[in-house]
Amino acid sequence: MLKWFSKKNIELELDPLDFSVLKTDIHSHFIPGIDDGSPDMGTTISLIKEMQGLGFKKVITTPHVMSDFYKNTSDIILKGLTDIRSELKVQNINMEIEAAAEYYIDYDFEQKIGNEKFLTFGDNYILVELSFMEAPKNLFDIIFKLQLEGYKVVLAHPERYAFFTMDDYEELVNRGVLLQINWLSIIGYYSPQIEQKTKDLIAVDMVSFIGSDCHNMNHAELYKKCKTKKAWHDLNNSSKLLNNTL
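Residue numbers (this note's numbering): 1228 to 1473.
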């Protein structure tokens, strides 16, 4: 059934499409107390229950790794993952959870390539993010070096980088970068401009992953609004979307 709503613009809404068709959510911040996501185990369990209620069977959580802010190591992240799994077992919650990381490409990231084993998910995918101010001058060099080490680069929330044009996205994809958009971008949570850029990326079939980027319960309660959005339905029809392969 189609529903038409008149706001500033006419917006087409569809019957809800459940997230269970994806199976897996990537990109969240559920390890308690190590970044700007969940502050404690109680919140983590509540967030995971919310994701389960939305239809997800598996979450891949990805804490920030930033040299100046979140100095998380693989050991810290994996210890947090073990603690979450233990608590899920205690509470008899049947939800699969894995952990990777969201690596911020900062001033010393490049020197870690080849000297540090990064946390990845799926088929050796590495999730990276950029400054919201500008792209690193050596971005393509970093991408190439990661690829030489066998990593498949996934760029987190590319739609939120105002400095990127559609031509830039095309070049990234042509260089083998996979794009991961955020659920909340579909509903205009960040801005109307980001919402439109998200729709444009979906329209040209450049999106390989969609992720919650969930930090808190306020985020979790908004995801259900995405279920009726045409952009989500269009994305689900894409042969390029890889969430359900994880």
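C-beta atoms are modelled at their ideal positions from N, C-alpha and C, and glycine is treated no differently. Here the structure is a predicted model, which is why all the values come from computation and not from measurement.
Own chain partners of residue i with C-beta closer than 7 Å, once the 5 adjacent residues on each side are dropped
i	result
W1459	L1244, I1413 and C1453
R1402	F1367 and I1370
F1348	I1253, I1287, E1325, A1327 and L1473
CA-to-CA distance, residue j to residue i, given in whole angstroms
i	j	result
V1400	E1422	20 Å
R1387	K1379	21 Å
Y1331	V1431	27 Å
G1260	L1241	38 Å
I1287	I1258	11 Å
N1464	T1271	31 Å
D1302	L1239	46 Å
Y1417	H1291	19 Å
M1393	L1462	17 Å
I1408	G1438	6 Å
L1281	R1312	20 Å
S1233	K1250	With a pLDDT of only 44 at S1233, under the threshold of 50, the placement of this residue in the model should not be trusted, and no figure is reported.
Contact set for residue i: own chain, Cβ-Cβ below 8 Å, skip 5 residues either direction
i	result
E1337	N1365, D1368, I1369 and K1372
L1406	V1381, L1382, P1385, Y1396, L1399, V1400, L1428, M1433, V1434, S1435 and F1436
Residue from the options whose Cα sits closest to the Cα of residue i
i	options	result
E1329	Y1297, L1308, D1302 and I1429	Y1297
S1358	I1311, D1333 and L1468	D1333
G1377	E1361, K1344 and E1356	K1344
S1294	T1251, E1325 and K1339	K1339
V1248	F1283, K1306 and F1348	F1283
L1274	Q1318, K1456 and A1447	A1447
A1362	A1389, I1324 and N1471	A1389
K1285	L1308, K1456, E1323 and G1269	E1323
N1351	D1335, M1360, L1375 and N1342	L1375
W1410	K1451, T1309 and K1250	K1451
Proximity test, residue i beta-carbon vs the ligand FMN heavy atom, cut-off 7 Å
i	result
E1240	Inclusion of the ligand FMN in the displayed structure is not the case, the ligand content being empty and no account of it being possible.
Neighbourhood of residue i by C-beta, 6 Å cutoff - its chain only, sequence neighbours within 5 removed
i	result
K1426	A1458
T1455	E1240, L1241 and P1243
Rounded distance between the beta-carbons of residue j and residue i, thought under 8 Å
i	j	result
H1256	G1264	2 Å
L1346	A1326	7 Å
* To do: Pick out the complete alpha helix (DSSP H) segments inside the region 1279-1342, 4 residues or longer, and give them in chain order.
  => 1301-1317 and 1336-1339
If you scan the region 1358-1390 from start to end, which runs of the beta strand (DSSP E) of 3 or more residues do you find wholly inside it? 1379-1383
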